[in-house]
Amino acid sequence: MNSEMLSAVLVLVAVFIIITVVNVILKQFGQNYETETALLSQGSDSEFVQGVFIRDETVITYTGNGVISYEVSDGGKLGIGSVIANVYSSENQIEIKQKIANLENELYLLKRISNPGTTKTAQPANMAELFTQNYTSFLYAREQNDLSSLQEFKEEMEVLLGTYQLITGNDTSYLERMNRIQGEIISLQQLQETPVSVIPADTAAYFVSYADGYEDVFHLENINTLTVEQLENIQNRVIADSSIVGKLIDSYQWMLVVVVDNSEKRYKTDDKLILKFSSTSDTVTGIVSFLNANAGEDKTIMGITCEAMTYDLVQHRTENVELVLDEYQGIRVPRSALHFKPITEEITDEETGKIKQVTTKYRGVYVLDGEQPEFRKLDVVYEGEDYVISKLRTEKSYLALYDSIITKGIDADGE
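For the sequence shown, this note's numbering begins at 8 and goes up steadily by one.
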């Protein structure tokens with residue numbers, strides 16, 4: 008190769024390098040895209056209101072002497088003749104009763120630990136894994152203030168730890184401890200007295216250990232007489248009357264009554280709603296069964312019939328609640344990233360079988376595919392104030408999880 012040809016080749020190589028560098032610089036500074044990662048999100052069509060619990064309730068009283076010891080917890084179900092409470096002569100008798108109950112529970116756990124079937128089949132590795140799982144569940148229950156589950160996970164961890172100590176040889180037997188507990192129970196039982204009175208349930212019902220004075224005011228049958236002013240002035244309270252034992256709720260079916268703005272006909276009879284209360288992590292499903300717009304549709308009284316009864320749900324007369332019409336899951340997309348683009352597609356006519364071209368204007372976003380912006384369609388299932396949620400779709404033409412959504416740098420024409 009002569010020197011002239013070599014020079015020409017070097018010039019071409021230099022020009023190619025310069026063009027490449029300039030192209031990279033132009034892409035770096037000329038296409039200044041701002042992006043965000045497409046992530047999974049949830050949205051809900053909901054609103055927060057103040058709700059009032061309406062139940063058919065009967066107050067139970069006791070005017071005799073003595074100290075009351077309840078035999079059923081709030082929200083607990085009673086059959087006809089079931090014991091609501093025993094009345095004892097003194098607080099000491101209730102303390103004895105509680106000590107016996109605690110010892111009997113401890114004895115029960117020790118018997119579970121000492122069960123030969125459990126100790127023969129248990130493996131240390133499995134025990135450690137189960138303990139970790141229960142500890143995680145215990146922490147979650149604590150965060151949710153779920154006291155009943157908290158106690159269950161605590162006891163399960165005690166059983167697992169005790170069984171682990173037996174099968175690893177750290178403890179040989181719990182027999183001596185069980186015999187001691189049994190002896191303590193017998194001694195305490197000898198100190199027990201017969202209740203001076205028993206308070207039974209004369210009907211099948213659910214029990215609550217307090218009264219608030221609204222029991223004679225609110226009944227399901229007079230729901231249509233309630234006023235907005237009446238509902239807005241209700242307060243949570245407990246009547247300080249030593250003769251009141253509590254109250255019986257006649258049915259598991261009750262109603263949550265709220266005041267809403269229904270001027271846009273957002274709620275209709277027979278709508279199914281999800282209720283999220285501030286006092287519990289549990290959700291309740293209810294059906295809209297009553298709508299009264301006599302005070303004006305901007306203040307409609309709405310009744311939601313429910314069929315759930317728990318300790319938390321009977322602790323209040325009025326409570327903050329989120330009414331959820333629907334919940335959605337998908338990819339969250341900021342409105343600033345939305346674009347419309349006409350796309351021509353081949354469609355097969357179902358009647359003739361012929362293929363024809365149809366142009367449709369799709370709503371979507373631009374994503375970075377390598378260095379190039381590419382349009383991706385959206386299947387919007389929820390629209391928020393400054394964002395939308397797009398349903399997860401498997402087709403390549405739709406936005407997918409972890410795509411880089413261009414939020415700035417694309418004009419209306421996609422340039």
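Where a beta carbon is used, it is the ideal one built from N, C-alpha and C, also for glycine.
Tell me the residue span of the alpha helix (DSSP H) that contains Asn-269. Taking the first residue of the sequence shown as 1, we reach residue 269 at position 262. From DSSP, Asn-269 is part of no alpha helix (DSSP H); its letter is neither H nor E.
Can you give me the C-alpha to C-alpha distance between Pro-131 and Gly-82, rounded to a whole angstrom? By 1-based counting over the sequence shown, the position of residue 131 is 124. By 1-based counting over the sequence shown, the position of residue 82 is 75. Those two C-alpha atoms are separated by around 40 Å.
Which partner residues of Met-185 appear in the DSSP bridge assignment? Residue mapping note: residue 185 aligns to position 178 of the sequence shown, counting from 1. For Met-185, which the question treats as bridged, DSSP gives no partner whatsoever.
Hey, Val-266 and Glu-222 are a contact pair by Cβ (cut 8 Å); roughly how many whole angstroms apart? Looking up residue 266 in the sequence shown gives position 259. Looking up residue 222 in the sequence shown gives position 215. Not quite, the Cβ-Cβ distance comes to about 22 Å (not below 8 Å), so this is no contact.
Measuring straight from C-alpha to C-alpha, what distance separates Tyr-142 and Arg-119? Taking the first residue of the sequence shown as 1, we reach residue 142 at position 135. Taking the first residue of the sequence shown as 1, we reach residue 119 at position 112. Counting only the Cα atoms, Arg-119 lies some 19 Å from Tyr-142.
What residue does the beta strand (DSSP E) around Pro-202 start on, and which one ends it? Start at 1 with the first residue of the sequence shown, and residue 202 comes out as number 195. Premise fails: Pro-202 is in no beta strand (DSSP E) and is neither H nor E.
Length of the line joining the Cα atoms of Lys-363 and Ile-350: Counted from its first residue, the sequence shown places residue 363 at position 356. Counted from its first residue, the sequence shown places residue 350 at position 343. Computed Cα separation, rounded: 14 Å.
Residue nearest to Phe-382 in terms of C-alpha spacing, selected from Asp-268, Asp-393, Ala-407 and Tyr-259: The residue given as residue 382 occupies position 375 in the sequence shown. Measuring from the Cα of Phe-382, the nearest candidate turns out to be Ala-407.
Can the beta-carbon of Gln-336 be found less than 9 Å from the beta-carbon of Leu-47? Taking the first residue of the sequence shown as position 1, residue 336 is located at position 329. Taking the first residue of the sequence shown as position 1, residue 47 is located at position 40. Result yes, Cβ atoms of Gln-336 and Leu-47 sit closer than 9 Å.
When DSSP labels each residue in this structure, what does Val-56 get in the three-state scheme? For this step, residue 56 is matched to residue 49 along the sequence shown. DSSP places Val-56 in strand when its eight states are reduced to three.
Near Ala-218, what residues of its chain come up, given a Cβ to Cβ distance below 6 Å and the 5 sequence neighbours on each side ignored? Working through the sequence shown from its first residue, we reach residue 218 at position 211. Excluding sequence neighbours, Ala-218 sits near Val-66, Ile-246, Ile-251 and Lys-254.
What is the DSSP secondary structure of Leu-33, counted as helix, strand or coil? Here residue 33 refers to the residue found at position 26 when the sequence shown is read from its first residue. For Leu-33, the predicted structure reports a pLDDT of 47, less than 50, and the residue's modelled location is therefore unreliable. A value from the coordinates is still provided. Leu-33: helix per DSSP, three-state reduction.
Using CA coordinates, which residue listed in Glu-64, Gln-57 and Asn-99 is at the minimum distance from Ser-76? Start at 1 with the first residue of the sequence shown, and residue 76 comes out as number 69. Of the candidates Glu-64, Gln-57 and Asn-99, the residue whose Cα lies closest to the Cα of Ser-76 is Asn-99.
Using 9 Å as the threshold, is the C-beta distance between Ile-417 and Val-340 below it? Within the sequence shown, residue 417 is the residue found at index 410, counting from 1. Within the sequence shown, residue 340 is the residue found at index 333, counting from 1. Not closer than 9 Å, so no.
Residues bridged to Arg-370 (per DSSP): Translated into the one-based positions of the sequence shown, residue 370 becomes position 363. The partner list for Arg-370 (beta bridge, DSSP) reads Phe-347.
Just to confirm, is the Cβ distance from Ala-315 to Ile-256 under 9 Å? In the sequence shown, the residue the question calls residue 315 occupies position 308. In the sequence shown, the residue the question calls residue 256 occupies position 249. No.
In angstroms, rounded to a whole number, what distance separates the CA positions of Pro-123 and Phe-160? For the purposes of this step, residue 123 is taken as the residue at position 116 of the sequence shown. For the purposes of this step, residue 160 is taken as the residue at position 153 of the sequence shown. The straight-line gap from Cα to Cα measures roughly 22 Å.
N- and C-terminal bounds of the beta strand (DSSP E) containing Met-309: Working through the sequence shown from its first residue, we reach residue 309 at position 302. Counting along the chain, the beta strand (DSSP E) containing Met-309 begins and ends at 307-313.
Measure how close the beta-carbons of Thr-312 and Met-262 come, nearest whole angstrom, since I'm counting them as under 8 Å. Position 305 of the sequence shown holds residue 312. Position 255 of the sequence shown holds residue 262. Contact check for Thr-312 and Met-262: beta-carbon distance about 5 Å, within the 8 Å limit, so the pair qualifies.
Express the C-alpha separation of Asn-299 and Asp-63 in angstroms, rounding to a whole number. Taking the first residue of the sequence shown as position 1, residue 63 is located at position 56. Taking the first residue of the sequence shown as position 1, residue 299 is located at position 292. Going from the Cα of Asp-63 to the Cα of Asn-299 covers about 20 Å.
Can you tell me whether Leu-33 is buried or exposed, with buried defined as 16 or more other CB within 10 angstroms of its CB? Here residue 33 corresponds to residue number 26 of the sequence shown, with the count starting at 1. The pLDDT assigned to Leu-33 is 47, lower than 50, so where the model puts this residue is not dependable; a value taken from the coordinates is nonetheless given after this. Classification for Leu-33: exposed.
Do the CB positions of Phe-55 and Val-328 come within less than 9 Å of each other? Within the sequence shown, the letter at position 48 stands for residue 55. Within the sequence shown, the letter at position 321 stands for residue 328. Yes, these two residues count as a Cβ contact at 9 Å.
So what does DSSP say about Glu-334, is it helix, strand or coil? What you label residue 334 is simply residue 327 of the sequence shown in a count that begins at 1. Strand, per DSSP.
Using the beta-carbon count (16 or more within 10 Å), is Gly-88 buried or exposed? Numbered from 1 along the sequence shown, position 81 holds the residue referred to as residue 88. So Gly-88 ends up on the exposed side.
Near Leu-168, what residues of its chain come up, given a Cβ to Cβ distance below 8 Å and the 5 sequence neighbours on each side ignored? The sequence position of residue 168 within the sequence shown is 161, counting from 1. Around Leu-168: Phe-138.
The alpha helix (DSSP H) spanning Val-166 covers which residue range? On the sequence shown, position 159 is the one that residue 166 refers to. Note, Val-166: alpha helix (DSSP H), 154-174.
DSSP three-state assignment for Arg-119, whether helix, strand or coil: Here the question's residue 119 lines up with position 112 in the sequence shown. If DSSP states are grouped into helix, strand and coil, Arg-119 belongs with the helices.
Can the beta-carbon of Gly-71 be found closer than 9 Å to that of Val-94? Residue 71 sits at position 64 when you count from the first residue of the sequence shown. Residue 94 sits at position 87 when you count from the first residue of the sequence shown. A contact, by the Cβ cut-off of 9 Å.
Work out the CA separation of Arg-187 and Met-164 for me, nearest whole Å. As a position in the sequence shown, residue 164 is number 157, starting the count at 1. As a position in the sequence shown, residue 187 is number 180, starting the count at 1. The alpha-carbon atoms of Met-164 and Arg-187 are separated by roughly 23 Å.
Euclidean distance between Cα positions of Val-264 and Gly-310: On the sequence shown, residue 264 is found 257 positions in, with the first residue counted as 1. On the sequence shown, residue 310 is found 303 positions in, with the first residue counted as 1. Val-264 and Gly-310: Cα-Cα distance of roughly 4 Å.
Under a three-way DSSP split, which group does Leu-385 fall into? Along the sequence shown, one-based indexing puts residue 385 at 378. Note: Leu-385 maps to coil in three-state DSSP.
Taking the alpha-carbon of Thr-44 as reference, which of Arg-400, Glu-402 and Val-374 has the nearest alpha-carbon? To locate residue 44, count along the sequence shown from 1; it is residue 37. The shortest C-alpha separation from Thr-44 is found at Val-374.
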